[in-house]
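J.: The sequence shown begins at 1412 in the working numbering and counts up by one. Following this message is one structure expressed as structure tokens.
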Amino acid sequence: MKTMFNASNETNWENGTSTPSGTSSTSLTPYRILSLVILVLETIVGSFTNGLMVIVNLIHLLTHRKLGSCDLILTCLGLSRFIAMWLVLYAFFVSYLAPNFSGTGSTFYYVVLFFNYLCLWFATWLSTFYCVRIVNIQRYIFTVFKTHFDDLLPFLILVSVVISALCSNPAVENGIKQTFNTSRYGSEKNSTSLDGIGENFATYSVLFVMGSIPPFAVFCVSAGLVVHSLLRHMKKMKAQERTGFREPALDVHYRAVKMMAAFFMLFIIYMIAFSVYGLENTEDGMLSCILTFFIGAYPSLHSVLL
């Protein structure tokens, strides 16, 4: 059996002491503690909401022997987010407390990135579901897609899994391990100059964008169509009002627009935070805490709003 830690001790040349390879030469700073506290709280909230969503839908599946399109998407989304949040929390703990621990190799970060892509894709299909249910566009392609969306959904989910696997596999080999273990949290013996790993960072950047842009683009189109359709409908309803009071139905549409706008903003902020956190050599500080908050906020707050 492979040992979890290196048996040999490494020499700390700066102070003449030896540091076990299973521990980090860096201390657990207040900013790191704050980041962990933030992520733990968000993981607890997200686990409860996503876990409850999955359990309710599974009970419905066992009772009625089938799931609707929306319930199927929510089940996949909740399950993928539940797994992704705990993987990210585990990665943070290991990176802070034991950066040389062998349990966070390239395979582990492949899985982390894979579930991250899945979360983006399932959120995209949820937005697409709202789009085909709300938007009415007299275009042949859109009409066909809207009519057959329920039949196409299992195929779309399968395509999402395949694309996520293809995009995350090479990214892990070229950039993820250096980004999390060496550039940010690695001990001094593993530290490498930015010039030495610049090619890996460039490769990782391209692959990360390639994997995130497709679901992001589809999400933007579908969310934009939904918001535009609802705003147009509200404008039409306001023009037809005959009293000084807003109709209850109009308030419902206002809430729907605000909810979709919140989803849209959380999606964008999450992508930016994840990109900056993964691609930039950020130091421990308030920026790291803020990025950590936004990384955990999207899967938690989005599920709460659902």
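We put the beta carbon where it would ideally sit given N, CA and C, even for glycine.
Can you look up Lys-1669 in the DSSP assignment and give me helix, strand or coil?
T.: helix
J.: Please list, in chain order, all residues of the same chain as His-1471 whose beta carbon is under 8 Å from its beta carbon, the five residues on each side excluded.
T.: Leu-1478, Asp-1482
J.: Is it the case that the Cβ atoms of Leu-1524 and Thr-1454 are separated by a distance below 8 Å?
T.: In this structure, Leu-1524 sits away from Thr-1454, with a CB-CB distance that is not shorter than 8 Å.
J.: Do you know offhand how far Leu-1450's Cα is from Asp-1562's?
T.: 38 Å
J.: Output needed for Leu-1564: all residues of its chain with C-beta closer than 6 Å, excluding positions within five of it in sequence on either side, in chain order.
T.: Ser-1480
J.: Run through DSSP, which three-state label would Lys-1647 get?
T.: It is helical.
J.: Beta carbon of Tyr-1528, beta carbon of Cys-1578: below 8 Å?
T.: The answer is yes: Cβ separation under 8 Å.
J.: Excluding the 5 residues flanking Ile-1494 on each side, which residues of the same chain have their C-beta closer than 7 Å to its C-beta?
T.: Around Ile-1494: Phe-1526.
J.: Can you find the residues in the same chain that come closer than 8 Å, C-beta to C-beta, to Ile-1574, ignoring five residues on each side of it along the sequence?
T.: Tyr-1528, Trp-1532, Gly-1622, Pro-1625
J.: Below 8 Å between beta carbons: does that hold for Ile-1701 and Phe-1685?
T.: no
J.: Could you check if Leu-1636 is buried or exposed, using at least 16 other CB atoms within 10 Å of its CB as the buried criterion?
T.: buried
J.: Starting from Val-1715, trace the alpha helix (DSSP H) both ways and give me its first and last residue.
T.: 1697 to 1716
J.: Determine whether the beta carbon atoms of Thr-1535 and Val-1629 lie at a separation below 8 Å.
T.: yes
J.: Give every residue of the same chain whose Cβ lies closer than 7 Å to the Cβ of Asn-1580, excluding the five residues on either side of it in the sequence, and list them in chain order.
T.: Tyr-1521
J.: Taking Ser-1714 as the reference, which of His-1559, Ser-1491, Ser-1571 has the closest Cα?
T.: Ser-1491
J.: Can you give me the Cβ contacts of Tyr-1709 inside the same chain, cut-off strictly under 6 Å, excluding the 5 residues immediately before and after it?
T.: Leu-1677, Tyr-1681
J.: Please name the residue in Lys-1557, Ser-1446, Leu-1485 whose C-alpha comes closest to that of Val-1465.
T.: Ranking the options by Cα distance to Val-1465, first place goes to Leu-1485.
J.: What distance in whole Å lies between the Cβ atoms of Thr-1703 and Ser-1458, which are believed to be in contact at a cut-off of 8 Å?
T.: Not confirmed; about 17 Å, so no contact.
J.: Compute the beta-carbon to beta-carbon distance between Ile-1548 and Leu-1641, rounded to the nearest angstrom, for a pair I have assumed lies under 8 Å.
T.: In fact, because the Cβ distance is near 14 Å, the residues do not count as touching under 8 Å.
J.: Can you tell me the Cα-Cα spacing of Leu-1469 and Leu-1463, whole angstroms?
T.: 10 Å
J.: Express the C-alpha separation of Thr-1440 and Phe-1553 in angstroms, rounding to a whole number.
T.: 53 Å
J.: Can you list, in chain order, the residues of its chain with a C-beta nearer than 8 Å to that of Phe-1504? Leave out the 5 residues immediately preceding and following it.
T.: Leu-1447
J.: Can Ala-1634 and Ser-1571 be called in contact, C-beta distance under 8 Å?
T.: no
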